[in-house]
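Residue numbers for the sequence shown follow my numbering, beginning at 24 and rising by one.
Note that beta-carbon positions come from the ideal geometry of N, C-alpha and C, so glycine has one too.
Beneath this line is the structure, given in structure tokens, with notes to follow.
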Amino acid sequence: MTEPGAVSRGPGGSLNRRSRGTTGGMTSTITPYEDGPLIVRGDFELRTPDGTPIAPGRATIALCRCGKSAITPFCDGTHKVINFRAGADHDTPKPR
24 MTEPGAVSRG PGGSLNRRSR GTTGGMTSTI TPYEDGPLIV RGDFELRTPD
74 GTPIAPGRAT IALCRCGKSA ITPFCDGTHK VINFRAGADH DTPKPR
């Protein structure tokens, strides 16, 4: 079993997270799509940098990685128009 708060890799390199301090163990899966968005599935909370909740409107969302979406933080498909390129594998360098 995964420790609360731990991040593990799922099938296809997706990231799985188990939240701390939740009775049922909130879980979510984040899957980077090659040259596209991050797909988030499961139980999650989305917040602005100042902590204000953002209502996702559904249980599965696509988060923009290209930075050009008109509906950020959500993906609107603009990555296809601007020819955005980003890998989806776990060999991508870790963020600093």
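Around the Cβ of residue i, are there at least 16 other Cβ atoms within 10 angstroms (buried) or fewer (exposed)?
| i | result |
| --- | --- |
| V63 | buried |
| A78 | exposed |
| P76 | exposed |
| A85 | buried |
| P55 | buried |
| P60 | buried |
Could you give the DSSP three-state label for residue i: helix, strand or coil?
| i | result |
| --- | --- |
| T54 | strand |
| T71 | coil |
| T95 | coil |
If the criterion is Cβ atoms closer than 8 Å, does the pair residue i and residue j meet it?
| i | j | result |
| --- | --- | --- |
| G65 | S51 | yes |
| E68 | A111 | no |
| P10 | C89 | Nothing in the structure corresponds to residue 10, since the chain is present only between 24 and 119. |
What residues in its chain sit with their C-beta under 6 Å from that of residue i, if we drop five residues either side in the sequence?
| i | result |
| --- | --- |
| K91 | T101 and I105 |
By Cβ distance, which residues of its chain are closer than 8 Å to residue i, with the 5 residues on each side in sequence left out?
| i | result |
| --- | --- |
| N83 | The residue asked about is misnamed: residue 83 is Thr in this sequence, not Asn. Excluding positions up to five away in sequence, the list reads I62, V63 and R64. |
| R122 | No answer is possible for residue 122: the residues shown for the chain start at 24 and end at 119. |
| D99 | C87, S92 and A93 |
Could you pull out every residue in the same chain whose Cβ sits closer than 7 Å to the Cβ of residue i, ignoring the five residues on either side in sequence?
| i | result |
| --- | --- |
| K103 | none |
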